[in-house]
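Since the structure comes first, as structure tokens, the remarks are kept for the end.
Residue numbers (the UniProt record's numbering): 1 to 247.
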């Protein structure tokens, strides 16, 4: 029996795909389910990306996948998505014919249950599980509104920032995931504070020559494996965009 169980709530773009792959490859982690949320791409595209990621990891795409919120809690018009510069229109490099090829049924969830309902059920069925949140927090906030007792033992959030240096626009201080639904972020931070672990934007922003000496952030891309090939595909647009930005 695996020692740790977790569910992932994700908008399914390249940085999330790497995190999901870490979980799928870890021998002591059981991934219970995926829930998809609006963000850099639609929830349908996020669902397809998650299923494709499972196949790239040599895992049959049978882990339950639930579609979630298409828009923020206040129902604002979706902002223009500038993140496609880094991730591509599909969020993972715009190479649908690369390994593993996109399949027609990738865009369909494995269940008709919506993400918030699925999260409530998973929390009750697996009281020691961890919830990993990789996108805007709309699904989690909705779960809290539907069930005031909604609670995972541990909730890890990729979002927010510490120094007030944002990644939404050149003059913005907002981090993308919290900016995607600030009301949801407020609800989750207030309601689940005791069990929260927040990994802020600086965990990526501080990557540079100094930190590269301690951690090779790209080591996993250099292996001669099918998974490494897939990860090179999903990160290719972002790496090119960064090169062009700093030339």
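By construction, the Cβ of each residue, glycine as well, lies at the ideal position given by its N, Cα and C atoms.
Rank the options by C-alpha distance to the C-alpha of residue i and give the top, closest one.
i           : options               : result
residue 55  : 235, 117 and 17       : 17
residue 33  : 27, 193, 121 and 44   : 121
residue 44  : 7, 173 and 111        : 111
residue 126 : 212, 232 and 31       : 31
residue 130 : 154, 215 and 141      : 154
residue 4   : 10, 24 and 209        : 24
residue 193 : 229, 156, 223 and 179 : 156
residue 149 : 172, 119, 164 and 94  : 119
residue 229 : 166, 97 and 144       : 97
residue 58  : 143, 22, 89 and 227   : 227
residue 159 : 145, 142, 196 and 170 : 196
residue 117 : 103, 94, 69 and 132   : 69
residue 178 : 213, 139 and 215      : 139
residue 200 : 235, 163 and 191      : 163
residue 221 : 233, 212 and 213      : 233
residue 61  : 92, 218, 109 and 19   : 109
residue 12  : 147, 91 and 212       : 91
residue 41  : 21, 22 and 71         : 71
residue 146 : 63, 191 and 21        : 191
Using 8 Å for Cβ pairs, my map puts residue i next to residue j. What's the rounded Cβ distance?
i           : j           : result
residue 85  : residue 183 : Not a contact, Cβ separation roughly 27 Å.
residue 76  : residue 65  : Actually they do not touch by this definition, with Cβ atoms about 26 Å apart.
residue 237 : residue 87  : 6 Å
residue 48  : residue 106 : 4 Å
residue 9   : residue 135 : 7 Å
residue 176 : residue 188 : With 8 Å as the limit, residue 176 and residue 188 do not qualify as a contact, their Cβ atoms being about 16 Å apart.
residue 115 : residue 35  : 4 Å
residue 166 : residue 172 : 4 Å
residue 137 : residue 174 : No, residue 137 and residue 174 are not in contact; Cβ-Cβ is about 14 Å, not under 8 Å.
State the beta-bridge partners of residue i as determined by DSSP.
i           : result
residue 8   : 34 and 132
residue 154 : 130
residue 65  : 34
In this structure, how does DSSP classify residue i when only helix, strand and coil are distinguished?
i           : result
residue 231 : helix
residue 142 : helix
residue 197 : strand
residue 210 : helix
residue 3   : coil
residue 177 : helix
residue 237 : helix
residue 222 : coil
residue 73  : coil
residue 192 : coil
residue 204 : helix
residue 187 : helix
residue 56  : helix
residue 171 : coil
residue 248 : With the chain running from 1 to 247 in the structure shown, residue 248 is simply not present.
residue 182 : helix
With a floor of 4 residues, list each alpha helix (DSSP H) that falls wholly inside the region 10-48, ordered by position along the chain. 14-25
Would you mind listing the alpha helix (DSSP H) stretches within the region 81-125 that are 4+ residues and don't spill past its ends, in chain order? 84-87 and 115-125
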